[in-house]
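According to the numbering used here, the sequence shown is numbered sequentially starting from 6.
Below is one structure; the comments refer to it alone.
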Amino acid sequence: MARTPLYFLVLFVLSCSSNKEEKGQALFNTYCTSCHIAPSLNSLPKNLWDAKVLPEMGARLGMGEPGYDPMKGLSFMEQEAMLKTGVYPPTPLIKREDWGILKKYVLDMAPDSLPRNAQNNEENELIQFSANPISLDTLTSSLYTYLKFDPKDRLIYLGDFSGRLSTYDYLKDSLIAKVRLGIAITDYKVQNGVEYVTTVGYLDPSSIPSGKIFIRENNVGTVIPEILHRPVHTLIHDLNKDGVDELVVSEFGDLTGALSLLKRKADTGFEKVILLDQPGSIRVLAEDMNNDGKEDLVALTAQGDETITILYQEADLNFRPEKVIRFSPIYGSSWFELVDYDGDGDKDIVTVNGDNADKTYVQKPYHGMRIYLNNGNNEFEQVYFYPLNGATRVIAKDFDKDGDIDFALLSTFPDYTNHPNYSFVYLENKEAKNYKFIPFTFSDSKAGRWFLMDSGDVDNDGDEDIILSAFSYSFTPAPEAISEFWKEKKVDLLVLENKFIGKQ
């Protein structure tokens with residue numbers, strides 16, 4: 006069997022190692038950088054490395070650990086799909102002795118615990134917005150998987166776990182059901198008179214691709230035949246300006262996934278092209294990032310190799326990917342915004358990291374919001390970090406109309422024990438050039454486990470309001486008192502009405 010480049014790299018590195026600690030470090034860096042950047046050993050406590058990360062890493066190296074089976078308890082169909090991914094090789098990729106040295110190095114170097122998040126404990130009461138919690142039905146659990154405010158009809162569009170698509174009129178307090186598909190809805194768009202509904206298939210982690218996109222055009226409903234792997238976002242856009250919309254689908258997947266392009270064919274069918282062959286695609290935006298007149302794609306991948314990637318359109322629907330920001334694979338990248346923060350004419354990037362629904366649940370001090378400035382050549386430098394446990398959404402807008410960018414932050418995985426109010430934070434920009442913000446929270450922020458967020462002039466008074474939707478599911482532990490509060494109040498939406506008053 007032919008030797009792989011990784012094999013020769015390992016041999017070379019190990020030949021230069023004089024002791025087991027150096028050898029352990031070399032092994033860790035080599036094997037952990039084969040598909041993503043190596044995480045810092047200080048980023049997780051020793052017990053999680055030992056019980057969660059190393060057994061999974063061993064399985065992916067074909068090195069089984071006693072008591073750990075990634076396929077335990079799964080259906081035969083799921084196990085078959087996992088085997089087909091090739092993620093878990095049938096034969097070891099590392100010697101047993103070297104695996105032992107690597108494990109010992111990690112456990113010797115990892116900390117016993119993580120430092121507390123350097124979060125600003127100053128909980129200023131949010132007065133610019135007033136909170137209005139809304140219960141839409143009598144169901145005990147609020148499980149919304151799609152949320153979007155449409156400024157044209159002033160309706161809030163909602164998709165839920167059961168596949169219901171509804172609209173809510175805030176001013177009339179009226180909920181109207183549109184359709185029920187029986188599969189969790191993750192995206193809905195109307196473009197040029199055509200309706201597109203994206204359904205995720207399996208909402209929980211799965212290697213079985215079962216997602217679909219439903220289309221309704223001229224009162225005729227069809228399903229795109231391509232089966233998708235847990236799609237969570239669909240961009241509908243005429244990328245090559247030929248008058249025909251393309252679909253760019255973020256297939257979040259699990260062990261595998263992709264960013265996919267669906268091109269319409271003359272027979273009304275679609276051709277599928279893989280743009281990024283990696284799991285975790287969560288959002289993509291169209292923007293001409295190099296000012297060449299062709300629209301590029303900016304995508305976030307949030308699993309494994311966590312990255313912001315610019316896909317430059319070089320010719321008609323041909324793209325060249327370039328990773329411009331990379332994160333540790335345990336950061337839990339969740340969302341990003343493109344915005345010209347510094348007013349220099351190019352697009353900067355704002356990210357939030359905080360997805361904590363994985364094998365390594367612990368409050369992580371590196372979770373939060375980061376601002377990256379563009380130097381004009383699409384090279385990005387981090388200039389600001391606001392720590393926020395479990396940060397999963399960000400909206401960047403001038404909410405107080407003073408000429409700079411403020412931020413609304415949502416956390417699905419906050420520290421409910423010590424800082425329950427930090428499930429939502431509003432950062433008012435006071436000195437944009439010096440990155441000075443005042444954080445605001447409010448007591449009603451713990452009325453639900455917030456999962457999605459959008460903004461718009463919901464109350465029709467001329468300013469931007471904020472909408473939060475709940476997903477009251479036990480991703481991670483929450484104090485019993487808070488869980489009971491969610492069940493009692495049954496809050497589905499929380500609308501923050503902006504009470505901004507212009508300067509006199």
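Beta carbons: idealized from backbone N, C-alpha and C, even for Gly.
Keep in mind it's a predicted model, so treat the numbers as computed, not measured.
Boundaries of the beta strand (DSSP E) harbouring residue 314: 312-320, taken from the DSSP string. The distance from the Cβ of residue 420 to that of residue 427 is about 7 Å, consistent with a contact at the 8 Å cut-off.
Where residue 402 is concerned, there is no enclosing alpha helix (DSSP H), although the beta strand (DSSP E) around it starts and stops at 396-402. In terms of Cβ geometry, residue 97 and residue 68 form a close pair [threshold 8 Å]. The DSSP-derived three-state label of residue 249 is coil.
Taken through DSSP and simplified to helix, strand or coil, residue 33 comes out as helix.
Separation of the CB atoms of residue 343 and residue 292 is rounded to 6 Å, and the pair is thereby assigned contact status at 8 Å.
For residue 118, the closest of 254, 471, 366, 245 by C-alpha to C-alpha distance is 366.
The three-state reading of DSSP puts residue 87 in helix, counting H, G and I together. Residue state for residue 427 is assigned as helix, using DSSP reduced to three classes. Between residue 257 and residue 287, the C-beta gap is smaller than 8 Å, which places the two residues in contact. If you draw a straight line from the Cα of residue 459 to the Cα of residue 153, it is about 6 Å long. If you draw a straight line from the Cα of residue 216 to the Cα of residue 240, it comes to about 15 Å. With respect to the 8 Å criterion, residue 213 and residue 202 are not classified as neighbours on the basis of their beta carbons. The beta carbon of residue 55 sits closer than 7 Å to the beta carbons of 112 from its chain, once the five residues preceding and following it are set aside; these are given in chain order. Annotation for residue 443: 129, 432, 433, 435 place their beta carbon closer than 8 Å to its own, counting only its chain and skipping 5 residues before and after. Counted as a single uninterrupted DSSP element, the beta strand (DSSP E) harbouring residue 391 occupies residues 385-392.
Looking at 440, 423, 439, 399, the one whose alpha-carbon comes closest to that of residue 429 is 399.
Taking C-alpha positions only, residue 155 is separated from residue 363 by approximately 33 Å. The count of Cβ pairs closer than 8 Å, one atom from the region 296-312 and one from the region 40-48, reaches three, so the stretches are in contact. Here residue 64 carries a helix assignment [DSSP, helix/strand/coil]. Beyond the five residues adjoining it in sequence on each side, residue 109 comes within less than 7 Å, by CB distance, of 29 in the same chain, given in chain order. Each residue's CA atom was taken as its position, placing residue 205 and residue 25 some 46 Å apart. In this structure residue 446 is buried. Its beta-carbon is surrounded by 16 or more other beta-carbon atoms within 10 angstroms. For residue 469, there is no enclosing beta strand (DSSP E), since its DSSP letter is neither H nor E.
In the three-state reduction of the DSSP assignment, residue 155 falls in the strand class.
Where residue 486 is concerned, the enclosing alpha helix (DSSP H) starts and stops at 485-494. According to DSSP, residue pairing for residue 416 in a beta bridge involves 396. In this structure, residue 449 lies away from residue 474, with their beta-carbon atoms at least 8 Å apart. Excluding its 5 nearest sequence neighbours in each direction, residue 53 has C-beta neighbours in its own chain below 7 Å: 365, 367, listed in chain order.
Around the beta-carbon of residue 318, 16 or more other beta-carbon atoms lie within 10 Å, marking it buried. In the DSSP secondary-structure assignment, residue 196 is bridged to 199. Between residue 452 and residue 499, the beta carbon gap of about 6 Å places them in contact (Cβ cut-off 8 Å).
Residue 147 sits buried, since 16 or more C-beta atoms from the chains shown fall within 10 Å of its C-beta. In the three-state DSSP reduction, residue 51 falls in the helix class (H, G or I). Less than 8 Å separates the beta-carbon of residue 197 from that of residue 250.
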